[in-house]
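Using our numbering, you'd call the opening residue of the sequence shown number 1 and step up by one each time. Think of the CB as a built atom: it goes at the ideal place given N, C-alpha and C, for glycine as much as any other residue. Heads up: the structure comes next, in structure tokens.
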Amino acid sequence: MTIERTLSIVKPDATRRNLTGQINARLEAAGLRILAQKRLRLTREQAETFYAVHAERSFFDDLCDFMISGPVVAQVLEGENAIVKNREIMGATNPANAKDGTIRKDFGETVEANSVHGSDSAETAAREIAFFFSDIEIVG
Ligand code: ATP
Ligand code: MG
Numbered sequence: 001m002t003i004e005r006t007l008s009i010v011k012p013d014a015t016r017r018n019l020t021g022q023i024n025a026r027l028e029a030a031g032l033r034i035l036a037q038k039r040l041r042l043t044r045e046q047a048e049t050f051y052a053v054h055a056e057r058s059f060f061d062d063l064c065d066f067m068i069s070g071p072v073v074a075q076v077l078e079g080e081n082a083i084v085k086n087r088e089i090m091g092a093t094n095p096a097n098a099k100d101g102t103i104r105k106d107f108g109e110t111v112e113a114n115s116v117h118g119s120d121s122a123e124t125a126a127r128e129i130a131f132f133f134s135d136i137e138i139v140g
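Structure representation (structure tokens):
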């Protein structure tokens with residue numbers, strides 16, 4: 001087992017419905033520790049930079065509009081196999097395809113407004129954590 005860190009975001013559809021605490025409880029119950037957390041409103045430029053990997057996708061503009069439509073809560077999570085574990089707790093991208101008991105199944109509204117983001121690899125996690133947090137903000 002490897003102790004990893006991953007970047008999580010509670011998306012605007014979830015902050016709007018006051019679900020941050022319920023989502024955090026699921027992360028913690030699964031053994032992930034929240035080492036850093038901040039609530040902020042992304043600018044469009046920040047959203048475009050964060051999701052630059054999807055710049056050519058048809059849903060890119062809508063996705064960026066959605067991500068700036070309200071506050072987000074960015075988090076650094078730590079735990080055994082945290083990257084894959086968080087993806088499991090999140091569930092499939094489209095809530096309609098997500099397994100029972102996952103965050104997206106229980107809280108997601110649409111394939112776009114799917115309540116949470118989670119890094120998909122170690123390289124992505126390192127880049128995404130550095131996008132939101134400096135080292136002194138991450139307390140293990
Ligand atoms: P995330 O990166 O947010 O953790 P993911 O890795 O499951 O989600 P990606 O393929 O990276 O999914 O897509 C990034 C985000 O773009 C999705 O979480 C969702 O909000 C949005 N998205 C993905 N596919 C679509 C689509 N077909 N239509 C609209 N929005 C989409
Ligand atoms: Mg992704």
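| Item | Value |
| --- | --- |
| Could you tell me the distance, in whole angstroms, from the CA atom of D120 to the CA atom of I23? | 19 Å |
| Tell me which residues share the same chain as T15 and place their Cβ nearer than 8 Å to its Cβ, disregarding the 5 neighbours each side in the sequence. | R39, G70, P71, V72, V73 |
| Do the stretch 77–92 and the stretch 26–35 touch if we need at least three Cβ pairs shorter than 8 Å? | yes |
| Taking just the CA atoms, how far does F107 sit from E48? | 25 Å |
| What residue does the alpha helix (DSSP H) around R87 start on, and which one ends it? | 82–90 |
| Confirm the yes/no value for this check: CB of R57, any heavy atom of the ligand ATP, distance under 8 Å. | yes |
| Extract the residue ranges of the alpha helix (DSSP H) inside the stretch 16–62, only unbroken runs of 4 or more that lie entirely within it. | 20–29, 44–50 |
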